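A short write-up of the structure that comes next.
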Amino acid sequence: MSKITDYLDQVKYEYDSRPLIKFKWSMFVKLIPKLILVVLVASIIAYMTVEAKLINTKTGISFAGFLTAAMGILLVFRNNTAYDRWWEGRKIWGTLVNTSRHTAMLLKELFRSNQYRLEDFTGLLSAFPHVLKDHLRNINDESAYDFLSEEEFNFMKSMDHKPNALIMLLQRRFKEAYQNGEITDYQYIKLSDQGSLFTDYLGKCERIKNTPIPASYQFLVNSISWLYLFTLPFGLIEAMGWNSVFVVAFIAYLLLSMIEVSLEIEDPFGTQQNDLPTDKLADMIALNVGEILIGKH
Numbered sequence: 393m394s395k396i397t398d399y400l401d402q403v404k405y406e407y408d409s410r411p412l413i414k415f416k417w418s419m420f421v422k423l424i425p426k427l428i429l430v431v432l433v434a435s436i437i438a439y440m441t442v443e444a445k446l447i448n449t450k451t452g453i454s455f456a457g458f459l460t461a462a463m464g465i466l467l468v469f470r471n472n473t474a475y476d477r478w479w480e481g482r483k484i485w486g487t488l489v490n491t492s493r494h495t496a497m498l499l500k501e502l503f504r505s506n507q508y509r510l511e512d513f514t515g516l517l518s519a520f521p522h523v524l525k526d527h528l529r530n531i532n533d534e535s536a537y538d539f540l541s542e543e544e545f546n547f548m549k550s551m552d553h554k555p556n557a558l559i560m561l562l563q564r565r566f567k568e569a570y571q572n573g574e575i576t577d578y579q580y581i582k583l584s585d586q587g588s589l590f591t592d593y594l595g596k597c598e599r600i601k602n603t604p605i606p607a608s609y610q611f612l613v614n615s616i617s618w619l620y621l622f623t624l625p626f627g628l629i630e631a632m633g634w635n636s637v638f639v640v641a642f643i644a645y646l647l648l649s650m651i652e653v654s655l656e657i658e659d660p661f662g663t664q665q666n667d668l669p670t671d672k673l674a675d676m677i678a679l680n681v682g683e684i685l686i687g688k689h
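Just so you know, we're using this note's numbering here: the sequence shown kicks off at 393 and counts up by one.
Encoded structure:
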């Protein structure tokens with residue numbers, strides 16, 4: 393019990409001390425080279441139009457207007473698609489939180505007098521969200537195995553698909569309890585169904601992870617966006633003169649930021665600023681499960 397309890401205490405410390413909001417300049421830094429390019433092009437167009445009188449802006453106005461409509465449709469669809477993926481991922485993890493709690497409560501009632509079983513189930517249920525988030529990030533962080541016994545640890549290391557291995561261990565423990573006469577037929581079926589839910593959540597997360605937005609569509613959005621930014625000065629220069637450079641820079645920042653955010657959230661299980669807080673959710677599940685199963689109550 394001390395191994396699990398000590399690890400849960402460490403998780404609680406990290407969970408409580410993690411800031412809720414982190415302000416990062418990473419996105420702005422990414423955009424600086426692109427913004428410099430946009431400002432440079434807008435400045436050249438402004439000079440050639442206002443000072444050198446070499447460019448007729450009337451053609452540019454109509455072309456920029458046409459691109460505005462096309463780009464607006466593509467950008468809205470692109471952002472909505474990315475957000476739908478992010479929101480679906482959030483719903484899956486929200487359901488995982490609830491199912492983990494419910495399963496822990498069910499196990500507590502069935503094995504209240506069996507401390508060994510409670511500790512074992514605490515380790516398995518606490519490890520699953522950590523193993524799942526690492527699997528979705530294509531990493532293998534063995535610190536999640538600290539929840540497990542030595543036998544379970546060795547089994548996990550022998551398997552390639554770690555979340556599947558953990559679900560197999562959970563279902564194996566249910567079957568052992570049934571074969572030992574610790575639970576009835578109905579209770580075993582109920583627990584087995586609960587274990588199957590974790591497989592369902594795993595599959596839904598993998599569907600999002602393994603089905604990216606087509607690269608050709610992203611290329612189309614980027615191409616039209618850049619064409620729009622390079623032709624936008626033609627539509628503003630006649631009325632605003634050199635001030636159009638600042639307006640174009642501001643619009644470019646908004647447009648490119650939206651594209652950058654959509655790129656981040658289309659894969660919601662990573663570690664970027666706008667991804668889902670799966671680290672914190674995994675810690676929360678571990679704390680809740682530990683409190684329910686081996687807490688003092």
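Positions of the beta carbon are idealized from the N, C-alpha and C atoms, including for glycine.
Only a predicted model underlies this, so the values are computations on that prediction, with no experimental measurement involved.
- Query: Ser608: which of Leu466, Thr441, Ala674 sits nearest, CA to CA?
  - Reply: For the purposes of this step, residue 608 is taken as residue 216 along the sequence shown, with counting starting at 1. Looking at the Cα atoms, Leu466 is the closest of the given residues.
- Task: Hey, could you find the ends of the alpha helix (DSSP H) Ala519 is sitting in?
- Result: By 1-based counting over the sequence shown, the position of residue 519 is 127. DSSP places Ala519 in the uninterrupted alpha helix (DSSP H) bounded by 507-528.
- Cβ-based neighbour list, Gln664, same chain, cut-off 7 Å, excluding 5 preceding and 5 following: Here residue 664 refers to the residue found at position 272 of the sequence shown. Listed in chain order, the non-local C-beta contacts of Gln664 below 7 Å within the same chain comprise Glu656, local neighbours out to five positions each way being set aside.
- Beta-carbon contacts of Tyr645 that lie in its chain and below 7 Å, excluding the five residues immediately before and after: Along the sequence shown, read from residue 1 onward, the residue named residue 645 stands at position 253. Within the same chain, Tyr645 has close Cβ partners Leu423, Leu427.
- Would you identify the three-state DSSP class for Ile531, choosing helix, strand or coil? Taking the sequence shown and counting its residues from 1, the one referred to as residue 531 is at position 139. Ile531 falls in the coil class under three-state DSSP.
- Please go through the same chain and pick out, in chain order, the residues whose beta-carbon is closer than 8 Å to the beta-carbon of Glu658, but skip the five residues on each side of it. On the sequence shown, position 266 is the one that residue 658 refers to. Setting aside the 5 residues that flank it on each side, Glu658 is surrounded in the same chain by Thr473, Ala474, Arg477, Trp478, Pro604, Ile605, each with a C-beta closer than 8 Å to its C-beta; the list follows chain order.
- On a CA-only basis, which of Leu562, Val613, Ser649, Phe638 is nearest Ala462? Give me that one, please. In the sequence shown, counting from the first residue as 1, residue 462 sits at position 70. For the residues Leu562, Val613, Ser649, Phe638, the minimum Cα distance to Ala462 belongs to Val613.
- What did DSSP end up calling Leu668 once you bin it into helix, strand or coil? In the sequence shown, residue 668 corresponds to position 276, counting from 1. In this structure, Leu668 counts as coil in the three-state DSSP scheme.
- If you draw a straight line from the C-alpha of Asn380 to the C-alpha of Thr514, how long is it? The structure shown does not extend to residue 380, since the chain is modelled only from 393 through 689, so no value can be given for it.
- Query: By how many angstroms is the C-alpha of His522 removed from the C-alpha of Asp675?
  - Reply: Taking the first residue of the sequence shown as position 1, residue 675 is located at position 283. Taking the first residue of the sequence shown as position 1, residue 522 is located at position 130. Asp675 and His522: Cα-Cα distance of roughly 8 Å.
- Query: Quick one, are the C-beta atoms of Leu558 and Phe520 less than 8 Å apart?
  - Reply: Taking the sequence shown and counting its residues from 1, one reaches residue 558 at position 166. Taking the sequence shown and counting its residues from 1, one reaches residue 520 at position 128. Yes, the Cβ-Cβ distance between Leu558 and Phe520 is below 8 Å.
- Please go through the same chain and pick out, in chain order, the residues whose beta-carbon is closer than 8 Å to the beta-carbon of Ile616, but skip the five residues on each side of it. Locating residue 616 in the sequence shown gives position 224, counting from the first residue. Counting only Cβ-Cβ distances below 8 Å, and skipping sequence neighbours, we find Leu459, Ala462, Met463, Leu466.
- Query: Applying the criterion that 16 or more other CB atoms from any shown protein chain within 10 Å of the CB defines a buried residue, is Ser588 buried or exposed?
  - Reply: Position 196 of the sequence shown, counted from the start, is the residue given in the question as residue 588. Exposed.
- Can you have a look at Thr576 and say buried or exposed, based on whether 16 or more other CB atoms are within 10 angstroms of its CB? Locating residue 576 in the sequence shown gives position 184, where the first residue counts as 1. It is exposed - the Cβ of Thr576 has fewer than 16 other Cβ atoms within 10 Å.
- Whole-number beta carbon distance between Val430 and Val653, since they are thought to touch under 8 Å: Indexing the sequence shown from 1 puts residue 653 at position 261. Indexing the sequence shown from 1 puts residue 430 at position 38. In fact, because the Cβ distance is near 18 Å, the residues do not count as touching under 8 Å.
- Is His527 buried or exposed, if buried means 16 or more other CB atoms sit within 10 Å of its CB? The count along the sequence shown starts at 1 and reaches residue 527 at position 135. His527 is buried by the Cβ-count criterion.
- Message: For Lys601 and Leu648, I'd like the C-alpha separation in whole angstroms.
- Response: Within the sequence shown, residue 601 is the residue found at index 209, counting from 1. Within the sequence shown, residue 648 is the residue found at index 256, counting from 1. Put simply, the backbone Cα of Lys601 is about 24 Å away from that of Leu648.
- Query: For Pro606, which three-state DSSP category applies?
  - Reply: Looking up residue 606 in the sequence shown gives position 214. The DSSP-derived three-state label of Pro606 is coil.
- If I'm right that Thr487 touches Tyr593 with Cβ under 8 Å, what's the distance once you round it to whole angstroms? The count along the sequence shown starts at 1 and reaches residue 487 at position 95. The count along the sequence shown starts at 1 and reaches residue 593 at position 201. The C-beta distance from Thr487 to Tyr593 rounds to 7 Å, short enough to meet the 8 Å contact threshold.
- Message: Among Glu480, Phe611, Phe661, Phe638, whose alpha-carbon lies nearest the alpha-carbon of Ile651?
- Response: Here residue 651 is taken as the residue at index 259 of the sequence shown, counted from 1. That would be Phe611, whose Cα lies nearest to the Cα of Ile651.
- Message: Using the three-state DSSP reduction, which class does Thr623 fall into: helix, strand or coil?
- Response: Locating residue 623 in the sequence shown gives position 231, counting from the first residue. Thr623 falls in the helix class under three-state DSSP.
- Are the beta-carbon atoms belonging to Phe566 and Tyr580 less than 8 Å from one another? Numbered from 1 along the sequence shown, position 174 holds the residue referred to as residue 566. Numbered from 1 along the sequence shown, position 188 holds the residue referred to as residue 580. Against a cut-off of 8 Å, the Cβ pair of Tyr580 and Phe566 comes out as a contact.
- Tell me which same chain residues have a C-beta within less than 7 Å of the C-beta of Glu636, skipping the five on either side of it? For the purposes of this step, residue 636 is identified with residue 244 of the sequence shown, where counting begins at 1. It is Ser, not Glu, that sits at residue 636 in the sequence shown. Ala434, Ala438, Pro625, Leu628, Ile629, listed in sequence order.
- Message: Can you list, in chain order, the residues of its chain with a C-beta nearer than 6 Å to that of Gln586? Leave out the 5 residues immediately preceding and following it.
- Response: The residue given as residue 586 occupies position 194 in the sequence shown. Contacts found: Thr495.
- Run through DSSP, which three-state label would Asp538 get? What you label residue 538 is simply residue 146 of the sequence shown in a count that begins at 1. In the three-state DSSP reduction, Asp538 falls in the helix class (H, G or I).
- Message: Once the 5 residues before and after Arg493 are set aside, which same chain residues still bring their CB inside 6 Å of it?
- Response: Position 101 of the sequence shown, counting from 1, holds the residue named residue 493. Only Asn680 meet the Cβ criterion.
- Message: If you follow the alpha helix (DSSP H) that Arg504 is in, where does it begin and where does it stop?
- Response: Taking the first residue of the sequence shown as 1, we reach residue 504 at position 112. Element bounds for Arg504: n/a, residue is neither H nor E.
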